[in-house]
Each structure stands twice: as C-alpha cells, then as structure tokens.
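K.L.:
Numbering of the sequence shown is given in our numbering, commencing with residue 46 and proceeding in unit increments.
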Amino acid sequence: MTLQPKEFRIDFPDGTSSVVDDRVMGILRTLQSQAAAVQRAQPSTPRHCSVCDYHGDFRPTGFPQRVDASCPKCHSVERHRLIMLAVKRGQVLGDADENSRVLHFAPEPMLSDYFRSRFQHYVTADLAAGFDLQLNMENIDLPDAQYDVIMANHVLEHVDDFKAARELHRILKPGGVLLCTVPLIEGWEETYEPEGIDSDAERLLHFGQHDHVRMYGRDFRDRIQSCGFALEAEITSEGADVVKYSLLRGEKLFLFRKA
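#1: In or out: A131 buried (at least 16 other Cβ within 10 Å) or exposed?
#2: Can you look up M260 in the DSSP assignment and give me helix, strand or coil?
#3: Going straight from the alpha carbon of L172 to that of F150, what length do you get?
#4: Could you spell out where the beta strand (DSSP E) holding Q280 opens and where it closes?
#5: How far does the alpha helix (DSSP H) with F207 in it extend, from its first residue to its last?
#6: What are the boundary residues of the alpha helix (DSSP H) that includes V287?
#7: Quick one: give me the first and last residue of the beta strand (DSSP E) that D113 is part of.
#8: How would you write the range of the alpha helix (DSSP H) that R248 sits in, first residue to last?
#9: Any contact between the stretch 259 to 267 and the stretch 209 to 218? By contact I mean 3 or more CB pairs, one from each, below 8 Å.
#10: Are the beta-carbon atoms of E123 and S291 separated by less than 8 Å?
#11: Does any CB atom of chain C fall closer than 8 Å to the CB of V288?
#12: Within 10 angstroms of its Cβ, does K133 collect 16 or more other Cβ (buried), or is it exposed?
#13: Kindly give me the distance between the Cβ atoms of V137 and H166, rounded to whole angstroms, as I take these residues to be in contact under 8 Å.
#14: Return yes when the Cβ of L298 is within less than 8 Å of the Cβ of I128, no when it is not.
#15: Looking at the structure shown, is M46 part of a helix, part of a strand, or coil, going by DSSP?
#16: Just the Cα atoms here: how many angstroms apart are M46 and M260?
#17: For A209, which option in A197, P219, G220 has the closest C-alpha, if you only look at C-alpha atoms?
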C-alpha cells in the first residue's frame with residue numbers, strides 16, 4: 046500500500062499562497078522552530094531603522110524566520126534599510142533632483158512614502174491593480190525614454206529578466222539609472238535556473254520562494270549589462286552597519302546606468 050503525501054496550504058504575507066507536501070512542510074517547520082529558538086535565546090539588541098528612525102528591538106520575520114529582520118514601526122526588512130542608508134548617504138541617486146521622473150516597480154510602502162515626498166514626478170507600478178500604473182515588466186506599455194530613475198527591489202527573480210531588463214533600458218532616458226536588489230549568492234559563478242521547476246513546491250525548494258524562477262550568482266551583473274546597462278555602483282551591507290541597522294551581511298544594492 047502506498048501512502049499519498051498530505052498537502053498543506055501556506056499563506057504568504059503578500060497575499061499569495063502555495064500548496065506543499067508533508068515533506069516540504071516538515072523542513073519548513075523545522076527551520077521556523079530553529080529560528081524561533083534562536084530569537085528566544087538571543088539577548089535583546091536595540092537596532093536602528095534607517096527608514097523611519099525607530100530605535101529599539103526588532104522582530105523576526107520571513108519563512109523561515111530571520112532574527113531581528115523587521116522594524117516594528119514601519120515594517121522595513123534588511124534590504125529596505127540598506128537602500129535607505131545608501132540614499133541618505135548620497136551613495137545612490139545623488140544626481141537626482143525633485144524634478145526627476147521616477148518609476149518604482151512593486152513599491153514597498155515604507156520606501157514609497159519617502160520617495161513620493163522627495164520627487165514631484167514619482168509613480169508606482171505593478172502587474173497587479175492598485176498602483177499608479179499597471180504594467181507588465183516584460184512588455185511595458187510606455188513610450189521610450191520616459192524616466193530618469195527606475196527602482197525594482199527583489200522583482201527580477203520573478204520574471205524573464207532579459208526581457209524585463211531590455212524593457213527597463215528602453216523606457217529610461219539616456220543616462221538614466223536602474224536601482225535594484227535581488228537574492229544573490231556570490232559564491233556561485235552562474236545563476237541557478239534549471240528547466241522543469243514548475244510547481245510552487247519545487248520553486249520553494251530550489252529558489253527559496255514559491256514564486257521565484259531562479260537564484261542569481263555572480264553573473265547577475267553580466268546579465269543586466271548584456272541588455273545595454275553599465276554597472277556604476279555596488280553598495281554592500283558590511284561592518285558595523287550590519288549590527289546597528291540589522292542588515293544581511295553581504296547583501297548588495299546595484300546601480301546600473303543606461304549606456
């Protein structure tokens with residue numbers, strides 16, 4: 046007699062859901078319980094949020110959970126705080142002024158509030174409804190050379206990145222910039238993108254999230270540059286900033302310029 050695997054539904058914070066079998070669910074429950082145990086055992090360490098200026102204890106978040114990842118005030122996570130640090134320090138967007146035209150894909154609320162107050166011509170976009178523009182990044186229904194700045198944080202791993210990057214390049218003005226973050230493993234020379242990974246459960250196992258379609262290696266830079274961009278800057282979370290702002294060690298923010 047062969048027992049059929051049980052299925053479990055997982056609801057994610059972004060409103061999507063996924064169905065996994067009992068084997069995958071067992072792995073996820075183990076990882077989550079381990080993260081919770083670490084959180085309980087760790088002495089309270091006050092952190093500082095570069096987005097909203099909150100100072101105090103942070104909260105775990107994610108699936109599996111990451112210790113001290115989320116600001117309890119604005120709900121920023123590590124990449125949001127890295128981006129805001131780079132912006133406030135003038136490491137990126139230093140040449141953008143209030144009249145710059147800015148397009149923000151899949152906008153994070155805690156970042157969107159800041160950028161909307163800084164730029165007069167700031168618009169948001171997503172494949173879903175409820176934003177300033179409803180756009181498919183792989184086939185953007187906009188004329189050429191429209192924007193000075195495009196932001197896309199943890200978006201390219203969800204789509205055909207070559208199609209998307211060519212479209213982003215097309216709608217940027219000459220000299221315009223793409224500011225982006227992606228999940229990336231520097232120890233991998235090439236991006237991991239095998240064929241045949243089609244189900245939510247398989248994508249969760251292979252890429253770490255049910256709606257990701259690859260895990261980037263060091264060649265991420267080459268992939269984007271092959272679409273007409275030049276890599277201008279990489280901002281890396283490191284040193285004391287990791288502790289103070291609760292960043293992911295080695296996470297990178299990329300700035301590409303339209304060549």
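Glycine is no exception: its CB is placed at the ideal position from the N, C-alpha and C atoms. The model shown is predicted, which means the values in this text are computed figures rather than measured ones.
P.N.:
For this structure:
#1: When all chains shown are included, A131 counts as buried.
#2: In the structure shown, M260 sits in a strand (DSSP, three-state: E or B).
#3: Going by C-alpha positions, L172 is about 9 Å away from F150.
#4: The sequence as given places Ile at residue 280; Gln does not occur at that position. Element bounds for I280: 274 to 281.
#5: Note, F207: alpha helix (DSSP H), 206 to 216.
#6: Where V287 is concerned, the enclosing alpha helix (DSSP H) stretches over 285 to 290.
#7: In the DSSP annotation of this structure, the continuous segment of the beta strand (DSSP E) that includes D113 starts and ends at 111 to 115.
#8: Residues 245 to 252.
#9: Fewer than three pairs of CB atoms, one per stretch, sit closer than 8 Å, so the stretch 259 to 267 makes no contact with the stretch 209 to 218.
#10: Taking the C-beta atoms as reference points, S291 is found nearer than 8 Å to E123.
#11: The structure shown contains no chain C; it holds only a single protein chain.
#12: Label assigned to K133: exposed.
#13: The beta-carbon separation of V137 and H166, rounded to 18 Å, does not stay under the 8 Å limit for a contact.
#14: Contact flag set, yes.
#15: For M46, the predicted structure reports a pLDDT of 44, less than 50, and the residue's modelled location is therefore unreliable. A value from the coordinates is still provided. The three-state reading of DSSP puts M46 in coil, since its state is none of H, G, I, E or B.
#16: At M46, the pLDDT of 44 sits below 50, so the modelled position is not reliable and the matter cannot be decided from this model.
#17: Measuring from the Cα of A209, the nearest candidate turns out to be A197.
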